[in-house]
Amino acid sequence: MKKHHRQIVFTLFGLVGLYLVLRAIFMPLIHDEIATFFRYVHLGTFIPYHSEWSTNNHILNSALTWVSYELFGPSPISQRLPNLFFIPVYFFFIWKISGKIKNRYLQWAFLILMVTIHNYMDFFSLSRGYGMSLAMMSGAIWFVWRSFETGKTRDYFFALLFMFFAVSAILILVNT
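Mind the numbering: the sequence shown is residues -12 to 163 in our numbering, read in order.
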């Protein structure tokens, strides 16, 4: 990718990231975030078999939100920080995957679509785990792609590791 193309991409990433941070700051908490906070984060009981059985307990999200809560208190932004931290991870892997697309127009279409799909990107501004999962799934896809190209055990390992964390962030992925 040429230098000025990279600048455009990073500007796009920066603007979308800024939008998501502002959204996380100014949007009131939603029902699921409140339920997760009072059932798991506030009590510190999110470990399976030691907590309430509910699909609302996305283990990685609950654990990282608990850490953020312990460090920064119960504010809405502190609950959403863990998902916000995964925005650069998502952008990085989307950028890496786009580099594999040979057609420049398709590459740009992929990049723009993957960072402007409102319904997906909004997950990064909520304390739900879906944003984390999207970032980790993107990493898993990147490393699966690399493992097909290189055949290296390291790439297979990282693909499985990223998939493990994607499933930990939102358990619905167990079915996929």
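Where a beta carbon is used, it is the ideal one built from N, C-alpha and C, also for glycine.
Taken through DSSP and simplified to helix, strand or coil, I12 comes out as helix. S155 is positioned such that its CB atom lies closer than 7 Å to that of L47. Boundaries of the alpha helix (DSSP H) harbouring N48: 46 to 59, taken from the DSSP string. Annotation note: the segment 78 to 145 contains the following uninterrupted alpha helix (DSSP H) runs of length 4 or greater, listed N- to C-terminal: 91 to 103, 105 to 108, 117 to 137.
Per the C-alpha coordinates, the member of P69, L113, L147 positioned closest to L16 is L113. The C-beta of L93 has fewer than 16 other C-beta atoms within 10 Å across all chains shown, which makes the residue exposed.
The continuous alpha helix (DSSP H) containing R67 extends over residues 63 to 71. For T(-2), the secondary structure class from DSSP, reduced to helix, strand or coil, is helix. Secondary structure at K(-10): helix, using DSSP grouped into helix, strand and coil. Cα atoms of Y143 and V8: separation of roughly 33 Å, rounded to the nearest angstrom.
For Y117, the closest alpha carbon among the candidates G60, L71, T32 is that of L71.
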